[in-house]
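In this text, residue positions in the sequence shown follow the working numbering: the first is 65, and each later residue adds one.
No residue lacks a Cβ here, since even glycine has one placed at the ideal position from N, Cα and C.
Here the structure is a predicted model, which is why all the values come from computation and not from measurement.
Below is one structure; the comments refer to it alone.
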Amino acid sequence: MTHVLDQRPLPDGWIDVTPREARRLLTQLWREQPRQSILSTLNNLRVVARAGGSDDILCRADAVIPMFFVAHLTWGPPAEHTDDNLYPVETVQDLIDTIGPLD
């Protein structure tokens with residue numbers, strides 16, 4: 065199934081990635097994700113673009129309704145993720161309550 069974002073050009077500053085670069089970026093993303101991450105539950109996640117001026121990547125998850133995610137890579141070693149530093153976020157309002165307004 066296609067998504068409306070599949071039909072549009074990338075925004076200014078975003079760059080298509082080669083298959084080799086996409087694999088390298090996805091490998092780094094998996095290194096940085098805790099097992100409890102929502103991204104770790106998705107099948108068929110792939111990197112489709114990267115931001116030219118930052119370490120942000122655009123990922124697409126193939127599903128019945130395709131989903132897109134922007135992730136920021138830190139390029140550091142895998143972090144120790146414990147239940148103490150996970151946020152119990154289930155809704156957008158939970159996220160706002162946890163990290164503050166999204167201005």
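Ile79 counts as exposed, since fewer than 16 other C-beta atoms from the protein chains shown sit within 10 angstroms of its C-beta. Ala125 has its alpha-carbon roughly 24 Å from the corresponding atom of Gly117. Here Gln97 has Leu103, Ser104 as same chain residues with Cβ atoms under 6 Å from its own Cβ, once five neighbours each way along the sequence are excluded. Where Arg88 is concerned, the enclosing alpha helix (DSSP H) starts and stops at 83-96. In the three-state scheme derived from DSSP, where H, G and I count as helix and E and B as strand, Ile129 is classed as coil.
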